[in-house]
Every structure is written in C-alpha cells, then in structure tokens.
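Numbering (numbering that gives the first Met the number 0), first residue to last: 0 to 217. For every residue, glycine included, the Cβ atom is placed at its ideal position computed from N, Cα and C. Have a look at the structure below, then the notes.
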Amino acid sequence: MRRSLLYSLSVLATALPGAALLGCGSQTKTVSGTGTPAPAQSTPATTTPATSTASSTAGTTTTAPQSTSGGTPAPTRTAPEPAFAQKESHAEGLSAAAALVRAHGYTPNDTAEYHDAQTLRVLIGTRSGSGDGYGQQAFFFLGGRYIGTDTKEPSAKVKVLSQGDTEVALAYPLYRSGDPLSSPSGGQATVQFQLNNGKLVPLGHIPPASRGAGLSRY
0 MRRSLLYSLS VLATALPGAA LLGCGSQTKT VSGTGTPAPA QSTPATTTPA TSTASSTAGT
60 TTTAPQSTSG GTPAPTRTAP EPAFAQKESH AEGLSAAAAL VRAHGYTPND TAEYHDAQTL
120 RVLIGTRSGS GDGYGQQAFF FLGGRYIGTD TKEPSAKVKV LSQGDTEVAL AYPLYRSGDP
180 LSSPSGGQAT VQFQLNNGKL VPLGHIPPAS RGAGLSRY
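Written as structure tokens, this is what we have:
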C-alpha cells in the first residue's frame, strides 16, 4: 500500500513538468497569433507618404501653367498695322491718281469717273496745252497702282460708257478720211477692257490712230 502511494506520487511529479511545458507552448502560439495584427497597423503608415507625394506632384503641375501663361501675351500685340494701312489708302486716292495723269502730260477730264471702291479704276485725260480739247487717253489703275493706258497713241476723244469692279467699256468716235475733228462720220467703236490675272485685256478691236487705214479714232 505504501509502495503504491509512493509510485503514484512519482508519476504525478513526472507529469507536472510536461503539463507546464504544454501550457507554455500554447501561450507562445497565442502571442505569435496576436502579433499578426502588428504589421497591419504599419500598412496605413506606408500610405501616408503616398498622399504627400501626390500633393507635391499636383503642386508642380499647378505652378507650370502659371509660368507659361505669364509670358505669352506680351510680344503678340505690338505691330502698328492699322496706321500703316491708313497711309497706304491715302496714297491710293483720287488726288494721287490725278497727279499721275498730270505727270504724264495730261489733264483729268472728269474726276468723278474715278471710283475708289472698284478694283479697276479709270481716269480720262486730255493732252495738256491742247487748245481744241482733242488728244485723249484712258489711264487705268489696279487698286491704287497705275497699270497703263488704253492705247500707245492718243485718240481724238475717249468716253467711259460703263464700268464695274473689273471691267470698263470705252467709246471711240470714228473718222473717215477728210472728216474734221469736230464731225466724225464713221460712228463709234465700243471696246470692253477687262482684268485678266492682274493684266488689262481689250475684248474687242481697237481702231487705229491713222486715217490712212479706213476708219480711225483720230
């Protein structure tokens, strides 16, 4: 009986350290289990720098447009174009055209025939110093630029029948041999002058200036 009691006590003493070890092992697992959330707390900490980086990048993009938009408008509106255009239009006026006709030795007949608004403009001039009023030519202008006369030699008379933006119709009295200048007996020839690619082109036959060739314009 006493021997069995001693045996039970020795068995109990041997079992107690094992139970203690088992308890420690379970506690270790619990600690490592509870330790897993710790890295989860560090994850928000990593997101915080990302926000600051984004805000700094946004700041950079905002500053860039300000510097770009600042310098552009300055050099744009500096050329005084309207003043230059006004000077050109004054030079293209009737007075300049009449002065050019006079410089060629002719006097303008009717300045009202010069139409500023048209592309093709015309002025009829009589040879200066002509006592009888004969010896006339038509002076043509493309805008404000002088482009020439209707013929190389003057006609006895030239009349503007009609005119448009790019066309002018001229009438020439026709003379037969022996006709006085005041009484042409050959009727009249009408010739249409038209702008073609910036050049003045007669659309009909211009009568000759010499009376030896039948009907003539002088």
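On the CB-based measure, 16 or more other CB atoms within 10 Å of its CB, does SER215 come out buried or exposed? buried
Roughly how many whole angstroms lie between the Cα atoms of GLU112 and LEU93? Cα to Cα, GLU112 sits roughly 10 Å from LEU93.
Tell me, to the nearest whole angstrom, how far the beta carbon of SER184 is from that of ARG175; I am working on the premise that it is less than 8 Å. 5 Å
Provide the residue span of the beta strand (DSSP E) that contains ALA116, from first to last. It is not in any beta strand (DSSP E) - ALA116 carries neither H nor E in the DSSP assignment.
If you draw a straight line from the alpha carbon of THR106 to that of GLY128, how long is it in whole angstroms? Computed Cα separation, rounded: 9 Å.
Per DSSP, which residues does TYR105 bridge with? Please list them. Within the DSSP bridge table, the entry for TYR105 names ARG126 as partners.
Is LEU202 buried or exposed, if buried means 16 or more other CB atoms sit within 10 Å of its CB? exposed
Among the candidates LEU141, TYR133 and PRO207, whose CA atom is the shortest distance from the CA of ASN196? LEU141
Under DSSP, the beta strand (DSSP E) around PRO153 begins and ends at which residues? Per DSSP, PRO153 belongs to no beta strand (DSSP E) and is neither H nor E.
Whole-angstrom C-beta distance between ALA96 and ARG120, which should lie under 8 Å: 7 Å
Outcome for THR46 when other beta-carbon atoms lying within 10 angstroms are tallied against a minimum of 16: No answer about THR46 holds up, because its pLDDT of 44 lies below 50 and its placement is not dependable.
Within the same chain, show all residues whose beta-carbon is closer than 6 Å to that of LYS158, passing over the 5 residues directly before and after it, in chain order. ALA170
Indicate whether ASP164 and THR110 have their beta-carbon atoms separated by less than 8 Å. Not a contact, by the Cβ cut-off of 8 Å.
For ARG210, which option in LEU173, TYR133 and LEU99 has the closest C-alpha, if you only look at C-alpha atoms? LEU173
Let's see if you can read the secondary structure: which residues bound the beta strand (DSSP E) around THR220? For the chain, the structure presents residues 0 to 217; residue 220 sits outside this window and is missing.
Using the Cβ count rule (16 or more neighbours within 10 Å means buried), how would you classify LYS151? exposed
Anticipated Cβ contact below 8 Å, VAL167 with PHE192, distance rounded: Their Cβ separation, rounded to whole angstroms, is 5 Å, which keeps VAL167 and PHE192 in contact under 8 Å.
Who are PRO201's beta bridge partners in DSSP? PHE192
Beta-carbon proximity list for ASP238, same chain, < 8 Å, skipping 5 on both sides: As displayed, the chain neither begins before 0 nor continues past 217, which places residue 238 out of reach and without an answer.
In the DSSP assignment, the beta strand (DSSP E) including ARG144 goes from what residue to what residue? 144 to 148
May I ask you to list the residues that DSSP assigns as paired with SER215? TYR174
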